[in-house]
Amino acid sequence: MVLLRHSLILLVLLLLPQAHAAGVARPAGFYQGSSPVDSRSSEARDAATRAALGDVLARMTGDVSVSLNAASEALLSNAPRYVRSYRYAEDNVELRPGERETRQRLIVDFDPTALVQAAKQAGLPLWDDRRPTTMTWVVGPTDQGPRHVYGRERIEERLPGLVEAARRRGLPLVYPLMDEQDQAAVSSFDIIGEDYERLAQAALRYQTRHMLLVRIESRDGLWYALWSFLQPDQEPRRWRTVGDEPNVALASGFDEYADELASRYVTRVAAGWVQSARLRVVGLNALADYARVLNLLETTSLIETVQPRELMGDEVVFLVDFEGEVSDLQRSLAVAGFLREEAAAAAGTLLGQDAQPAAGDPASGGSGLSFYAVSQRRELRYRYAQ
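Mature numbering (1 follows the signal peptide of the UniProt record, and there is no 0) puts the sequence shown at residues -21 to -1, 1 to 365.
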């Protein structure tokens, strides 16, 4: 039995490079920030580094005002400590028609491990850098008429306000190709009419987690963005933003969507607080399924260690050590979308309880904060659903 278990684990590990969580992505440059600079002096660089870190903290916490939080000051005042590398870039900025100016910008890459640990020590809320993807359908005016479904190329070329807002908040948006397959499946009327079933069917090929509809229109010299966040078996959440041009309306409106997702996924974890739980997953019918689940567990930032312990048919039991509360772990696992909690797992089955010194605690022979990790020994039960 032990040999069989070890052999299966080895095969799963071999499959890990191919395993991925559909509906989840790590945005490129997540821990990178930038800020304008007037010179390349050390003083200007330090000020720009602080500003760049403020942008990254907003992305990490899901809170655009986090720099005003007193708990952030310790990180911001020591921003250079978390720098992995930096470089300068020059932007050719249009001041007015026919007049352009070259401006300098500092681009800073921060150390993810050090920054996440410092944010936890400061008591800041955190949102895992593994973010849910959003299928984004956009309807707006073109030369062909006032209501045209935008494809990826048009969105990236014409709507930089939306693209930049998503990058700034660290949310991966997926845009339709609007090739023959999409054109046959979706029309502007489906989007305007919020036909969830039809849009969800068309979005299957993109394997996204959420769905966002955006309708752009012009009236009385102003541009309006009408937003709908569609979810199965729920009323759509709708809001509207306005600006003197489309990208202004899009940039301000996207923040409301990002705030909504942040309210669902952000966790607040005290550094050093570690619990242990058994995680039982049923419905794993192929090695690729095992690999996909193991990859999810190993890349979830709250989970410190994961060990496959029992293999029984289509079931596997993992022992996981994780930071925070059980509810934080459940919320983090929900991001991927392919693990469904069993009815009995809402509270978990209490198997036992013990206390152990957390890593780095003096009681364990290390050094650092005097935290004790309480192992709740809960068993959480999930069903794998593709």
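Where is the CB? At the ideal position from N, CA and C, for every residue including glycine.
Opening and closing residue of the beta strand (DSSP E) in which residue i lies
i	result
Arg184	No beta strand (DSSP E) contains Arg184, which DSSP labels as neither H nor E.
residue 418	Because the chain is modelled from -21 through 365, residue 418 falls outside the range shown and cannot be assessed.
Val248	Unbroken run through Val248: none, as it is neither H nor E.
Val221	216 to 222
residue 367	A query on residue 367 cannot be resolved here, the shown segment of the chain reaching from -21 to 365 and no further.
Gln286	282 to 291
Ala313	From DSSP, Ala313 is part of no beta strand (DSSP E) but of the alpha helix (DSSP H) over 305 to 313.
Leu150	Element bounds for Leu150: n/a, residue is neither H nor E.
Ala58	Careful: Ala58 lies outside any beta strand (DSSP E) and carries neither H nor E.
Pairwise C-alpha distance: residue j and residue i
i	j	result
Glu23	Glu80	It should be noted that the sequence gives Ala, not Glu, for residue 23. Taking the straight line from one Cα to the other gives about 20 Å.
Pro91	Tyr10	6 Å
His189	Gln365	15 Å
Pro111	Arg310	12 Å
residue 369	Tyr363	This structure cannot speak to residue 369, because the chain is shown only from -21 to 365.
Pro215	Arg146	24 Å
Ala270	Val248	27 Å
Leu258	Pro104	25 Å
Glu321	Leu359	8 Å
Val62	Glu173	45 Å
Trp206	Ser242	18 Å
Phe208	Ser21	45 Å
Asn274	Leu240	23 Å
Leu138	Val16	26 Å
Arg198	Asp122	17 Å
residue 367	Gly119	The structure shown does not extend to residue 367, since the chain is modelled only from -21 through 365, so no value can be given for it.
Glu73	Ala228	21 Å
Arg357	Ala204	46 Å
Arg217	Tyr236	10 Å
Arg194	Asn226	12 Å
Asp70	Ala93	30 Å
8 Å contact criterion, which residue i and residue j should meet: CB distance rounded
i	j	result
residue 380	Thr113	Outside the displayed span of the chain (-21 to 365) sits residue 380, for which this structure offers no information.
Ala230	Ala144	5 Å
Leu150	Arg131	Not really, about 16 Å apart at Cβ, beyond 8 Å.
Leu165	Ala181	What sits at residue 165 in the sequence shown is Val, not Leu. The pair is a contact, with the Cβ atoms about 5 Å apart (cut-off 8 Å).
Thr187	Tyr154	At roughly 10 Å, the Cβ-Cβ gap does not stay under 8 Å, so Thr187 and Tyr154 are not in contact.
Limits of the alpha helix (DSSP H) - the one that residue i falls within
i	result
Pro225	225 to 244
Glu136	131 to 137
Asp169	167 to 171
Arg271	266 to 277
Spatial neighbours of residue i in its chain, beta-carbon cut-off 6 Å, leaving aside the 5 residues before and after
i	result
Ser14	Ala27, Ala30, Ala31, Leu85
Leu201	Val221
residue 401	Shown here, the chain extends from -21 to 365; a query on residue 401 therefore has no answer.
Leu312	Leu318
Gly316	Gly2, Arg188
Val245	Gly41, Pro104, Trp106
Contacts around residue i, its chain only, beta-carbon distance under 7 Å, and the 5 residues preceding and following it disregarded
i	result
Glu135	Val142
Glu277	Val285
residue 370	This structure cannot settle anything about residue 370, because the visible part of the chain is limited to -21 through 365.
Ala49	none
Secondary structure of residue i, DSSP reduced to three states
i	result
Phe89	strand
Met39	helix
Gly102	coil
Asp161	helix
Glu69	strand
Arg109	coil
Asp25	helix
Asp300	strand
Pro155	coil
Glu320	strand
Tyr361	strand
Gly124	strand
Thr328	For Thr328, the predicted structure reports a pLDDT of 45, less than 50, and the residue's modelled location is therefore unreliable. A value from the coordinates is still provided. In the structure shown, Thr328 sits in a strand (DSSP, three-state: E or B).
Pro15	strand
Cβ-based neighbour list, residue i, same chain, cut-off 8 Å, excluding 5 preceding and 5 following
i	result
Asp234	Val43, Ala144, Arg148
Ala4	Arg109, Arg110, Thr112, Pro151
Tyr361	Leu258, Arg259, Val260, Val261, Leu312, Leu318, Arg319, Glu320, Glu321, Ala324
Val295	Arg259, Val260, Leu263, Tyr269, Val272, Pro287, Glu289
Leu281	Asp107, Thr246, Val248, Phe301, Glu302, Gly303, Asp307, Leu308, Ser311
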